[in-house]
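What follows is a set of notes on a single structure, which appears directly below.
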Amino acid sequence: MTEPSPTGLRKLYDKLMLHFRALRAMDKDPINGQLTTAEIFLALTQKAMSSELNKKWEEFIESNTSTPANLESFLEVVSCSAHCTLALEDPPSLEQPIFSRGQPIAQRQQKKPVTMTEASQFM
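The sequence shown begins at 1 in this note's numbering and counts up by one.
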């Protein structure tokens, strides 16, 4: 709404009431506290993401029936997608040193770095 005219306010009010009635029909009345902050953030976050990412999340929820369809599971899918995309965009060089996770820094410094080429010999 660009200007608070009576007509503009009435249209906004009607639109809001339409949404509130729809939410009440789903037992998610925001006025009576039936709609949680997490549910609101989930809706806003889904709207901000691509349809492709939303589809991935829907497929994840359908294939993992024990996982609830909530903000936490959606953010997990977003995080995994982001990390996978970054790994594909900037894959490590075969000659770039790799180290074992959890190994103390002192041990890492004592040993010669192992490259992907060398590590592949053990696979």
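C-beta atoms are modelled at their ideal positions from N, C-alpha and C, and glycine is treated no differently.
Cβ contact (3+ pairs, closer than 8 Å) linking the segment 36-46 and the segment 3-15: When C-beta atoms of the segment 36-46 are compared with those of the segment 3-15, fewer than three pairs fall below 8 Å, so the two segments do not count as touching.
DSSP-derived helix/strand/coil call for residue 11: In the structure shown, residue 11 sits in a helix (DSSP, three-state: H, G or I).
Which of the three DSSP states is assigned to residue 28 in this structure? Under the three-state reduction of DSSP output, residue 28 falls in the coil class, being neither helix nor strand.
Using a Cβ cut-off of 8 Å (strictly closer), state whether residue 7 contacts chain D. No chain D is present in this structure, which holds just one protein chain.
Just the Cα atoms here: how many angstroms apart are residue 16 and residue 23? Each residue's CA atom was taken as its position, placing residue 16 and residue 23 some 11 Å apart.
Compute the beta-carbon to beta-carbon distance between residue 56 and residue 79, rounded to the nearest angstrom, for a pair I have assumed lies under 8 Å. Contact annotation, residue 56 with residue 79: C-beta distance approximately 12 Å; criterion of less than 8 Å not satisfied.
Taking all protein chains shown into account, do 16 or more other C-beta atoms lie within 10 angstroms of the C-beta of residue 44, making it buried, or fewer, making it exposed? Flag for residue 44 reads exposed.
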